[in-house]
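Residue 333 in UniProt numbering sits at position 333 of the sequence shown; the count goes up by one each step and never skips.
What follows is a short report on a single structure.
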Amino acid sequence: MYRILNIKSLSRTNYLLTNSTNRRHYFQNYQFTQFFTQNSDNNTVLTKRLENSSIIPVKTSTTRKYSTLSEKLLDTLRKKRRKLNRNQKFTELLQVTQSSTTQTKTPIKKLKAKKLSDFIQNKTTSAAAVEQQEENSTAVATSPNSMEYKKYNIEMLDGNQFEEAPIVFVGKNVEHLQLTKEKLHEMLESYQMTKELNESEVTVLESECLEQPEEFEEEILNEIDTKPLQLPGNDSSKSTTTNSTTTKKNSRNQKYYKSIEMERLEKVKSLSISLSSYLDVCVATGMINRGLITLLQYRYKFSDSYKSPIPPALKDINLYNTLLLGYAERGSLNKVDEICEILAEDKIPLNPQSFAAIFICLGRLPLSNENLLKNLKYYSDKAAEQGISLNDIVDKSNFINDQRETVLNLFQMLDANFKPEYTPPKLTYSNKLLNNLNKHVQPMSNNSTACEGSEIMNAKKGFTRQQLEDMAKTQLENELKGYLTVKNIEKFSEPTANVKIFRKKLQEFTEMWKKQIIAGFIRDLNTQRLQCESKYKRSINLFPYLKVLSAEQFADIVIDEIRTLSEGSETYSPTMRMLYKEIGLKVQNRYHIQQKHKNGVLEKMNEIYSLYSDHLEKCESSDNSRQMWQRLLHENRDEGASMNIADRSWPITAVVGVGRFLYNILMHDVKIDVNVLHVKSKHPNMLSAFYTLFRNQGRVMKEEIKPHPVLARLYRGSQQDTLKFEVNMVPMLCPPQPWSTIVNGGYLLAKSDLIRLPLQAHQQWDKIQKSDPSDLFPALDSLNQLASIPWKVNTEILDIVLEVFNSGGNSKLDVPQPSSSLKPPADIQKPDGELTKQEKYLMFRDKLMHRRRQGEMHSLWCDALYRLSLANHYRDKVFWLPHNMDFRGRVYPIPPHLNHLGSDLARCLLIFHQAKPLGIDGFSWLKLHCINLTGFMKKRSIRERLLYAEEVMDDILDSADRPLTGKMWWAESDEPWQTLACCIEIAKVHRCPDPEKYMCSFPIHQDGSCNGLQHYAALGRDTAGAFSVNLTPSEYPQDVYAAVGNLVETTRQNDENNGVKIAKILNGFVQRKVIKQTIMTTVYGVTKYGAKLQIAKQLKYLDEFPKEYVWQASNYLTAKTFDSLREMFTSAKEIQDWFTECAKNISSVCGEHVEWITPLGLPIVQPYNRFTKPFMTNMSHKKVEPHFQMDAYERPNTMKQKNAFPPNYIHSLDSCHMMLTSLNCEKAGLTFVSVHDCFWTHACTVP
């Protein structure tokens, strides 16, 4: 008998070829192959022959590492290494009889290369060797018709007829081998040379690829099924193996899941979500029959697999409603009846949407259909039996296009006087903190225009209906297009001849790439279609998701991705998984916008927004934005599409699958001529435009993608004069759609998420969906109020910033400099052979820090480039910032680049569009704001600050008149650019003949004093703590940061007197700004390590501080700062410890996620669970994994739950405080904007 082990099943570390052409002759070797012939005695004779072919050596021991890998090793590294099994190994045994050929499994004896050589030379045929081999073998039961293999004739065979290269393990009873000594010598010599070559060249990654020699043979077989050969009627081994595997799996799963039942529920729930998205896509792309087959397949699968009724998640009527609506549009009454029979069989009751779909289907039938009235009567009676009236069907269902009119026409055939009565929405609050705001809310039936309380519209005034409609039209055009193109503000010289050549070549390549991408997309799509039709037809597969857009649209998305990758940082790039996700989300967003265009939502949006613009022009209503929008939707429900249809989000597995598919095309079909930059080159050399590499990120290696250097140089040299942004990444040109439900708000068509949640966080969203809508009104209305404030760009300050930016930046003014301005590290002037280990280490460290600094500078420079380019694009426009919130309720603008939540440079660029007269105290508040920004008078009273403003008025005016050539007093400020902007505004008011009537749009800030400590002091009724953070009245403002700094300085002086070296070095450097961030974030759960990094960063900015003591000094100051905080805020520490203990008990003892409801009614769940396994997609790019993580069913991560609860709870209280202020300011007619605990308003409305 014989054993065969295929090379393809060997360990991932054992095979790798070099690509050097001059070494190919070393790889010539021999392999054993098998084939069968039939002899005249009708007995099958197995013949073994030797064939000249290419074989790869089977052992490596090198430890060298590289950042780039071959494709073969890349593929193998994606597989998780299996644990070595040290038990008996088994392999396949081929049994041949006269009537059949079967494969079984049998134990093997590992045969090393030397023994193989000895065997070939007939040195291993001794009786002892045979007996030893028999002892390590397992008896194989054969049927009466089976035969033993007695003879193996190994002969020479020319040619290469077989694709695979198996390694053959030969057993006993070998009689003779026909092999010449010359061939044997050549084979062994070639093997030895190949082995030595690969031991010095093969790349090995991380310690998991480093194997000990004695373990090598065991790893070779780690891919083989180790189940022993089963004898007929003996299932003990199988049972033992199965039980062992099941026990191990259950033990592992119980570590991550609350119970086995919870694991099953997670799979069922995630499958339901995946099916919902898949069915929606199937209906949209005309593959409705595929969707029905898939749904029924999973229905039967779960019923058979779990031997129990179909789980409730798969009995969701909404899944079937999707199919019913799809068939209804086609008028396929037979299919509708078939689905209804399935629902009756599974005892799934129909809801109003189900009956609406049935009546839509009946409405699509010709009126001449003789059974129309009969079916209409039958289904109306059936609905009545379930307690669903005709009015419920119209009132509680969603419609698209003309579906509503179709159903109404049918109902009027049954009842000529039928007229639907729609349930009015609830408008008022049901929260005791906000019930006073319900005072002026008019009932739904009140159609009067002017009413008391219309001052709520004050901050929205200033636009006519025509202006708003024109702005909305432009916004809709941008959202339909999916992106916004803006001019690049980077200053370039006049294009040279080389730049023009680069641009021309790049244009030619872009046109070529688009054709190649379209061809590749159609090719791969057709291949996938054929494969999915056979193997994956009944499963959730990727094919429908790739049909949502045209090939040209997919190509445009990939072209944009090419540019993004080519212009990226040299030192950093996102991982492949992140890139897959991002491009997949772009496809999803384009699909959702396209669907709204097709199903009539766009037309309905135009209609409603036109009426909304009319209300904004008149400003006579007492409603806030949500109430106004709700009224308009209710009053215009008689026709057109429903506006509360939620977008079906794709599961992350589908998003990543689409991204992987597109990146596969990008990697294999996008080519570039690497000789394009060589003028004299006449022959193109087309190579892949992108390649992958691996980087160490902590303990793991992450795969990244990089452009070919020629492509990167081509983009840099072409000096691109435009930038492209996704439409949901830039401000809006019209007032945003108010959040009226949890799925509708923000951008008019583009997707806007109400809450920013991690991928696995479904528990909080489920609780929000189940909440009473009125409980969420405070949060929604606060988002609407913040989004309703119109902005404009401060063009005067923008021009100054652009001048500094295009002059190379300025680190002292926080204007990022290009990475090219960073000086290279100084080399040690010694030959390499004379460098000591310490010098080599220092050189390596300096180069590493230089590279890291380059990456940071490039990132900051790109961020400033995007912000300034967008600001320049919007310089003559009015714009709005839609908002959403994180899981704690903290509010953020959705556009990430141009907003008021950024750094000093970002905040100085924006001012209110609406201007108001300064009034009596406005000018004083403007001067006071300027002094507050400088940080020069933090411990002084308001009166003293105003007097100081008069003293430095000449410096303020000089800063406004000569910002870059004068004294530059503003540059010494803590917030220099905001100070300069305020100086320019003060200069205008100072020179105005009547300052009280000056129309000012400059925002004035009212900032909290260490807001986290304020909340802790209030919770603990800590009088001393409240005084230190300005919760009690005082003539002089208290500075908690300076107070803690004084305690730290006192301790430092004592240590210096006691001879502590680092305390002496820190003399004069214990400054407020050094420890401010640590004090601020301590109450938010910052760790000691994080605090060390914060203090170290500030010490590096101090030019006089010796850099070699940065880390030692940060350790010292962190410990002293923490001790001082405990001494000052005892109650805060006690409350924080109590919060931590509560969270620990909830997560560890109860096994639940920590959750609470804020005072304004927002449910919050901490999304920290144990399962950290990343979402996976099928590597074949065809089948979509239907299961994914869901935090509701998994065990919480106790460490994260207890550490994060105190800061998260304080953040939620902080958010509630801001929302209450927001809603009351809106009711009073004040302009209000917040940066968490920093409130902005006009100078005339500061209290």
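Glycine included, C-beta positions come from ideal geometry on N, C-alpha and C.
Within 7 Å, strictly: CB atoms of residue i and residue j
i       : j       : result
Ala646  : Glu479  : no
Ser610  : Glu704  : no
Ile339  : Leu324  : yes
Gly659  : Gly568  : no
Pro707  : Phe694  : no
Cys1225 : Leu918  : no
Ser973  : Leu933  : yes
Pro995  : Phe923  : yes
Val558  : Leu662  : yes
Glu975  : Phe1002 : no
Met732  : Cys619  : no
Arg626  : Ser740  : yes
Gly640  : Lys596  : no
Selection from the options that minimises the alpha carbon distance to residue i
i       : options                              : result
Pro1033 : Ser941, Leu1160 and Glu1104          : Ser941
Thr575  : Val656, Ile393 and Ala416            : Val656
Arg907  : Ser924, Met968 and His1005           : His1005
Pro1196 : Leu633, Glu1152, Asn1208 and Asn1224 : Glu1152
Glu508  : Ile360, Asn417, Tyr422 and Val676    : Val676
Ser642  : Asn371, Gln403 and Pro495            : Gln403
Asn794  : Arg890, Gln760, Gly745 and Leu898    : Leu898
Glu405  : Ile360, Cys982 and Ala654            : Ile360
Asn1046 : Val1235, Asn1067 and Asn1058         : Asn1067
Val801  : Asn636, Arg867 and Leu506            : Arg867
Phe725  : Lys1202, Phe418 and His873           : His873
Asn1169 : Ser397, Gly640, Leu350 and Leu759    : Leu759
Met667  : Ile517, Leu947 and His1187           : Ile517
Exposure of residue i, with buried meaning 16 or more beta-carbon neighbours within 10 Å
i       : result
Glu214  : For Glu214, the predicted model reports a pLDDT of 32, less than 50, meaning its position is unreliable; a value from the coordinates is still stated below. Per the 10 Å Cβ criterion, exposed.
Lys515  : exposed
Gln769  : exposed
Thr1231 : buried
Val601  : buried
Asn160  : In this prediction, Asn160 scores a pLDDT of 38, lower than 50, which makes its location untrustworthy; no coordinate-derived value is stated.
Val202  : Since pLDDT at Val202 reaches only 37, below the 50 mark, its modelled position is unreliable, and no value is offered.
Asn42   : Interpretation of Asn42 is limited by its pLDDT of 38, a score under 50 that renders its predicted location unreliable; the figure taken from the coordinates is listed afterwards. With fewer than 16 other Cβ atoms within 10 Å, it is exposed.
Arg852  : exposed
Val336  : buried
His678  : exposed
Ala1017 : buried
Asp958  : buried
His1242 : buried
Pro443  : exposed
Opposing strand residues paired with residue i [DSSP bridges]
i       : result
Leu1160 : Bridge partners of Leu1160: none, in fact.
Gln466  : In DSSP, Gln466 forms no bridge with anything.
Gly746  : Gln737
Arg637  : BP columns for Arg637 are empty, so no partner.
Phe690  : Pro707
Cys1238 : Asp1007 and Val1235
Rounded distance between the beta-carbons of residue j and residue i, thought under 8 Å
i       : j       : result
Tyr715  : Asn728  : About 25 Å; that fails the 8 Å criterion.
Val1083 : Leu1013 : 6 Å
Phe1129 : Asp1022 : 7 Å
Lys1100 : Lys1092 : 12 Å between Cβ atoms; not a contact.
Gln475  : Cys734  : 5 Å
Val1184 : Asn541  : 6 Å
Tyr892  : Leu905  : Incorrect: roughly 18 Å between the Cβ atoms, too far for contact.
Val674  : Val710  : 5 Å
Residue-level contact to chain D via CB, residue i, 7 Å cutoff
i       : result
Cys1010 : As a matter of chain content, chain D is missing from the structure shown, which is built from one protein chain.
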